[in-house]
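Asks: Dropping the structure in here first, questions after.
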Amino acid sequence: MKYKSQKIAYWFFATCMLLLSLQIVYGFIMGFARMGFDGLHDWIPFNAARATHTNLLVVWLLTGFMGAAHYIIPDESESEIYSVRLAYIQLLSLIVVGVVSIIGFHFNVWEGRKFLEIPRPLDYLVVINVLLFLFNIGMTVWKGKKHTTTGLVLYFGLFSAALLYLPGMIEFNSQTVDSYFRWWVVHLWVEGVWELIMGGILSFLLIKLTGVDREVIEKWLYVIVGLTFLSGILGTGHHYYYIGVPEYWKWIGGFFSMLEPLAFLAMAMFAVSMYRKSGRNHPNTISLYWTIGSAIMSFVGAGFLGFAHTLPQVNLYTHGTLITAMHGHLAFWGAYAMIVLAIITYSMPLLTGRKLWNNSIGLFAFWASNIGMLGMTGAFAVAGIAQVYLERKFGLDFLVVQKEIQVHFLGLVLAALVFTSGIVAFIWNFIKFGTPTDEAVGAEAASGDISLSSRS
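Below, the structure is given as structure tokens:
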């Protein structure tokens, strides 16, 4: 690392690992419940497990993005973090809000709005927390010695994510209007501004890992930003098909949903192209695996599988089924989880000064988690297709169908065990690195990374 304040990123990443572990635990609770083994129902009913599982996903990814910003922004702006104390206060307050929310889910204190279940009073604490983060990072950018496209795209992606949280805080009496604006948060996050965050992190990693000129990489970043806004905003319409909005949303949502994979395809082409142009072998090969893998898997999960079931003619049957879970799991994993794990694997040797570049544990973590996730995606697909035919074609009752497809969740849980073994290996490797040290300052230059200024 170049600056001492980049050590803050470690504590955000450590929080990520804890929250990811909890998310997996709740995933298994739901998986066994789906197979009929719902022994924890009196203490953790399925709805509480599901709300906890999905909200932990959002929180650990956001924590990872914040950690990435605390590492990348000082590097890009060539300055220390504006206030180290404020960063730690913000992290602690984020943890408190998360813990209170999860406890609340188990006592039926929640709103019941998917992905936005936390009670309204906690929403205001989230806003205060994120404003602290944006102020601290914004001042770092403002006072920095230089301003790069990569740093600015990352910052404005984070800023826009905070801005788009606000529509979900407005109270409506109409279910249709409430659902309409809820998708402003959920869709415009994951298929809009989060793509900017992913693009910023991807650009930073490729600059560091491949040695390709910054000018070339950031031109691709402009393309990604353009495609994201072209398709992502009106592509929100594919969530409006069946909530009582005007008919024209079917063709608007359908058409722009066809364009949404373009941004993810551009990211995949971008990453592979930069790798092939690379004229050197960076010692941290495993970080390059996660980086390239994120770009490719995001296209498959978010792009291809999203396109496969969001067109009106298909979504008429797949809407609200396990086909959505198929798409959602691989999309979140490829687009956002893997890019967070990529920046962690890149930064940990530099934060700690311990060059555990490409050990067998790290390689096992990469392959096991990806193979396991592909297996889970396949299990969801098979169960979802069976559900569509039994419910939508043959008209069987929902609960009858759930009984019929229980067997498919055995395959899901087995695949989840493979995935979990990879995540456990990743966390074990993370622990082996230890905590950051001041002696690690300057380790980046020693690792062989090309100076930003020399490539600009």
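Going by the UniProt record's numbering, 97 is the number at position 97 of the sequence shown; the sequence numbering is gapless. C-beta atoms are modelled at their ideal positions from N, C-alpha and C, and glycine is treated no differently.
1) So the candidates are Leu57, Glu80 and Leu91; which of them puts its Cα closest to the Cα of lysine 114?
2) Would methionine 1 and alanine 440 qualify as a contact pair, given that the criterion is a beta-carbon distance under 8 Å?
3) Less than 8 Å between the beta carbons of tyrosine 71 and isoleucine 343, yes or no?
4) Which class does arginine 85 belong to by DSSP, given the choice of helix, strand or coil?
5) Helix, strand or coil: which one does DSSP assign to isoleucine 44?
6) Within 10 Å of its beta-carbon, does glutamine 406 have 16 or more other beta-carbons around it, so buried, or fewer, so exposed?
7) Can you have a look at proline 119 and say buried or exposed, based on whether 16 or more other CB atoms are within 10 angstroms of its CB?
8) Cβ atoms of serine 287 and leucine 351: under 8 Å apart, would you say?
9) Once DSSP output is grouped into helix, strand and coil, what is the label at proline 349?
10) Using the rule of at least 16 other Cβ atoms within 10 Å of the residue's Cβ for burial, across every protein chain shown, is glycine 235 buried or exposed?
11) Check whether the Cβ atoms of valine 153 and valine 225 lie closer than 8 Å to each other.
12) Who are the near neighbours of phenylalanine 426 in its chain, counting only those whose CB is closer than 6 Å to its CB and skipping five residues on each side?
13) From alanine 331 to glycine 293, what does the alpha carbon distance come to, in whole angstroms?
14) Given a threshold of 16 other Cβ atoms within 10 Å of its Cβ, counted over all protein chains shown, does leucine 19 qualify as buried or as exposed?
15) Taking alanine 325 as part of the alpha helix (DSSP H), name the residues at either end of that continuous run.
16) Quick check: is the beta carbon of tryptophan 184 nearer than 8 Å to any beta carbon in chain B?
17) Return the chain-ordered list of same chain residues with a C-beta closer than 7 Å to the C-beta of phenylalanine 256, the five sequence neighbours on each side being excluded.
18) With three or more beta-carbon pairs closer than 8 Å as the criterion, would you say the segment 44 to 51 touches the segment 90 to 107?
19) Out of curiosity, what's the CA-to-CA distance linking threonine 291 and tyrosine 180?
20) Does the beta-carbon distance from leucine 131 to phenylalanine 12 come in below 8 Å?
21) Which residues mark the beginning and the end of the alpha helix (DSSP H) in which glycine 36 is found?
22) Would the segment 238 to 252 count as touching the segment 313 to 322 if we require 3 or more Cβ pairs under 8 Å?
23) Measure how close the beta-carbons of valine 97 and valine 126 come, nearest whole angstrom, since I'm counting them as under 8 Å.
24) May I ask you to report which of helix, strand or coil DSSP gives aspartate 213?
25) Are proline 167 and tryptophan 184 touching if we call contact CB-CB under 8 Å?
26) What's the gap between the Cα of leucine 452 and the Cα of leucine 322?
27) So, with DSSP's three-state summary, where would you put glutamate 111?
Replies: Reading it off the structure:
1) Leu57
2) yes
3) yes
4) helix
5) coil
6) exposed
7) exposed
8) no
9) helix
10) buried
11) yes
12) Ala365
13) 12 Å
14) buried
15) 322 to 332
16) Checking the listed chains, one finds no chain B in this structure; it contains a single protein chain.
17) Ser231, Leu234, Gly235 and Gly237
18) yes
19) 34 Å
20) no
21) First-last for glycine 36: undefined, no H or E at that position.
22) yes
23) 6 Å
24) coil
25) yes
26) Caution is warranted here: a pLDDT of 36 is assigned to leucine 452, below 50, making its placement in the model unreliable, and the coordinate value is therefore given only provisionally. Each residue's alpha carbon lies about 45 Å from the other.
27) coil
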